[in-house]
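All remarks here apply to the structure that follows.
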Amino acid sequence: MSIQKVSRERTRLFSTHADSVLTEGRYVRFCDNSITLSDWRFSKFIIYVPLASQDIVHCFRMSDIITSCLQLQKNISTNRIVVKEINGCDGSFIVNCVISYCIKQNSPLLIVSSHNSITHYHNVGLRMNHNLFKSCEAGVIHYFDFGDATLTNIMEYAESDQLLIDVLKNIEEMQRNHDTVNIIFDGITHLLDLQYTLQEVNKFCSEIIEIAAKSKNPFVIFHCNDVIEDDANHCLANLLSHKAQTVVEVENLSSGLSSDVSGHLTIKYPGNKFNEEHIHTVDMKPKKYLFKLFDRGVKLLAPGTV
C-alpha cells in the first residue's frame, strides 16, 4: 500500500481500531480514514496514512476527545455537566471516558451509580487501558453502589432519606483527604423509579452541587434519561439542564439503525453566556456531531459527512 507522511502539527482528534502496524517505534492502528496512536508523549513522530484519504486525518483517544468537549481541562468553579440520553439512546460511553480521564490524571472521583456495577466500569476500563480496581485500592476512585445500598436500606427498615444522606457523607469524607473531589451520578433518574419524588431528587442534586463547591474546581456529572415530554424523567432532565454549564444530548438516528453511525451528539454550553467573551452573544449555538462507537474508541463526524 502506498502511504504518505503527515506531521503531528497537522493532526487532531478522532479514533478507531482495526489492523495495526509498527512504525517509527510506535504502535499505530488504522482503519479506513482513521488512525490511533498508542502513545502521544513523544514530541516528534510521524503518522502514516493511506494515500486514498483525501482529508487530513483527525485522531485521538476516545477519552481525550470527549473530555475536551466537556471542557474538563479548564479551571471552572464547580463545572456542572448533564448527560441526557434521549429516548433510550445509550450515553454510557461518556461516563466511561470521564472515569478514564480521572484515572490518568490521578484526579479523585466519587462514582455514585444506580445504573451499572463497578465490575462493568472495570471491564470497560480494561479495554480503554486502565485498571479501575487498582485506582479504587489506591483511594483515588470511590464507588457508591446505590442499588446495593437501597436493598440494605430496605432490609434494615431505614428511612428512605438515609440513602441520600449516605451519598453526601461519602462526598464530605473524600473532601477531608483530597483538595478536589469530582462526582459522577450515573442513572440519577432511577431515583424516580425508587419512588423518590421529583422535588426530593431535584433538592438532592442541588445539595450535591453545593457540597462539591467546597472543593477546588471540581466537576459534577449527572447522567439521566429524557423520555417523553409529560414524563417525570423529562422534567428532571430539564431541571438539571438549568443547573448545568454543559449539556450533552445523546440521541439515536431518526432514520433508524446504521452500520456507519451510532447516533447524534449535541453539546450545549449554557454556562458560557456568563463568561466575558460570550456576554454579548445573544444566541449560543450548540455543537452537533455524528458519532460511531467501537469496542475501544469513538469517532466524531460532522453532520452530513456520512
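Position 105 (the sequence shown) corresponds to 105 in the UniProt record's numbering; numbering is contiguous.
All C-beta atoms, glycine included, are put in the ideal place defined by N, C-alpha and C.
Note that the coordinates shown come from a computational prediction; the quantities given were computed from them, not determined experimentally.
- Task: Go ahead and pull the three-state DSSP assignment for P50.
- Result: For P50, the pLDDT reaches just 36, beneath the cut-off of 50, and the residue's location in the model is therefore unreliable, although a value from the coordinates is still provided. If DSSP states are grouped into helix, strand and coil, P50 belongs with the strands.
- Residue span of the beta strand (DSSP E) that contains H223, given as start and end: Residues 219 to 226.
- Top-ranked residue by Cα proximity to L164, from D90, C205, N116: C205
- Given that a residue counts as buried once 16 or more other Cβ atoms are within 10 Å of its Cβ, and exposed if not, what is K216? exposed
- Message: For H190 and H115, which I take to be in contact (beta-carbon distance under 8 Å), what is that distance rounded to the nearest angstrom?
- Response: About 6 Å; that satisfies the 8 Å criterion.
- Helix or strand or just coil, what does DSSP make of K292? strand
- Through-space distance from N202 to V112, alpha-carbon basis: Between V112 and N202, the C-alpha separation is close to 16 Å.
- Query: Applying the criterion that 16 or more other CB atoms from any shown protein chain within 10 Å of the CB defines a buried residue, is I184 buried or exposed?
  - Reply: buried
- Secondary structure at S215, three-state DSSP: helix, strand or coil? coil
- Message: For a quick check, are the C-beta atoms of N275 and N87 less than 8 Å apart?
- Response: no
- Between T150 and the rest of its own chain, which residues show a CB-CB distance below 7 Å, the 5 nearest in sequence each way excluded? L163, L194
- Query: Name the DSSP beta bridge partners of R80, please?
  - Reply: V220
- Query: Leaving out the 5 sequence neighbours to the left and right, which residues in its chain are closer than 6 Å to I103 when beta-carbon positions are compared?
  - Reply: H130, S135
- Check whether the Cβ atoms of H242 and D186 lie closer than 8 Å to each other. In this structure, H242 sits away from D186, with a CB-CB distance that is not shorter than 8 Å.
- Message: Between which residues of its own chain and T78 is the CB-CB distance below 7 Å, once the five residues before and five after are set aside?
- Response: I209, A212, A213, P218, V220
- Task: State the DSSP-derived secondary structure class of K287, mapped to helix, strand or coil.
- Result: It is a strand residue.
- Task: Give me whichever residues DSSP pairs with Y121 in a beta bridge.
- Result: Answer is none; Y121 lacks a bridge partner.
- Message: On the CB-based measure, 16 or more other CB atoms within 10 Å of its CB, does K292 come out buried or exposed?
- Response: Buried, by the Cβ-count rule.
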